[in-house]
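A short write-up of the structure that comes next.
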Ligand SMILES: NC(=O)c1ccc[n+]([C@@H]2O[C@H](COP(=O)([O-])OP(=O)(O)OC[C@H]3O[C@@H](n4cnc5c(N)ncnc54)[C@H](O)[C@@H]3O)[C@@H](O)[C@H]2O)c1
């Protein structure tokens, strides 16, 4: 694959949470192909090491670090190791996330609510807070957070807990982007409709639900993880320097059901 942005990504470092699978893995491979160093992180060590092998196969340098994003300590240790290995972090891609379980609003119990916010919101918050000092020191950094089309439609009937956590991620993105805009930091989020990854299985999506998602997409198909990775690459690039604080919807025109 040819380089999209000349040598802009060469030897710049990206840290990716949720890199073992789906969108996180696709981003790891795409950034590696552009010459970036890739810090792959996840809780699934087997698949995480597989991603690292793909990064190395693409000719880039990388490391794999186990880190549960719901643990402040583990995220802190991850960032420390990334900085010890590569010196500075130019890009952070918070891809770790899941709807965990689908149910009606009245059935969302405290355990599901806490789990959902800990993984999606706090996991993103911790990584941002731990990485930002390094970016500020270097007067440059781009943070990309994974939100979801769900935050626009609210997840009625199946995932109000998840949609709310993703809505909070967009607010977090907006606030951090605006607070640090004058110090070389950009921060954006991506709000996809359904994408073909293990996420749907991990979120207990039924066949009936995924058929309903697919029928609602004017482009006639569910998205691929590489199509989200391409947007993350553009957002981090020097072709995107006037964009910050916003979310971008990627849904094939649908995603309302
Ligand atoms: N696939 C979709 O339809 C879709 C749509 C909208 C938004 N998203 C969002 O995109 C992001 C990526 O999802 P995906 O589709 O690639 O899913 P995926 O299941 O393929 O990948 C998610 C990864 O996160 C990891 N993970 C789970 N809990 C973790 C934890 N506590 N600490 C660290 N890593 C953890 C998993 O091991 C997995 O490797 C998520 O934030 C998801 O909410 C996905």
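Residue numbers (my numbering): 21 to 277.
Beta carbons are placed, not taken as given, at the ideal position from N, Cα and C, and that holds for glycine.
Remember, predicted model here, so these are calculated numbers, not experimental data.
Are the beta-carbon atoms belonging to residue 128 and residue 181 less than 7 Å from one another?
Yes; because the gap between Cβ atoms is below 7 Å, this pair is in contact.
Residue 63 Cβ short of 6 Å to ligand 1 heavy atom set
Yes.
Out of 201, 269, 253, state which residue places its alpha-carbon closest to the alpha-carbon of residue 55.
Among 201, 269, 253, the Cα nearest to that of residue 55 is on 253.
When every heavy atom of ligand 1 is checked, does at least one fall within less than 6 Å of the C-beta of residue 89?
Result yes, Cβ under 6 Å from ligand 1.
Over the uninterrupted beta strand (DSSP E) stretch that includes residue 57, give me the two end residues.
Start and end: 57 to 62.
Under the three-state DSSP convention, the category residue 99 falls into
Helix.
Looking at the structure shown, is residue 85 part of a helix, part of a strand, or coil, going by DSSP?
Residue state, collapsed to three classes: strand.
Give the secondary structure of residue 217 by DSSP, where H, G and I count as helix, E and B as strand, and everything else as coil.
Coil.
My understanding is that residue 215 touches residue 245, with C-beta atoms under 8 Å, so please give their C-beta distance in whole angstroms.
The beta-carbon separation of residue 215 and residue 245, rounded to 6 Å, stays under the 8 Å limit for a contact.
What residue does the alpha helix (DSSP H) around residue 240 start on, and which one ends it?
It is not in any alpha helix (DSSP H) - residue 240 carries neither H nor E in the DSSP assignment.
Looking at the secondary structure, which residues open and close the beta strand (DSSP E) in which residue 209 lies?
Segment 205 to 212, the beta strand (DSSP E) holding residue 209.
Using alpha carbons as the reference points, say which of 23, 41, 48, 25 lies closest to residue 35.
Ranking the options by Cα distance to residue 35, first place goes to 48.
Taking only heavy atoms of ligand 1 into account, decide whether any of them is closer than 6 Å to the Cβ of residue 107.
Not under cutoff, so the answer is no.
Just verifying my parser: in three-state terms, what is the DSSP assignment at residue 269?
Note: residue 269 maps to strand in three-state DSSP.
Give a single yes or no on whether residue 283 has its beta carbon closer than 6 Å to a heavy atom of ligand 1.
Limits of the chain in this structure are 21 at one end and 277 at the other, which puts residue 283 out of reach.
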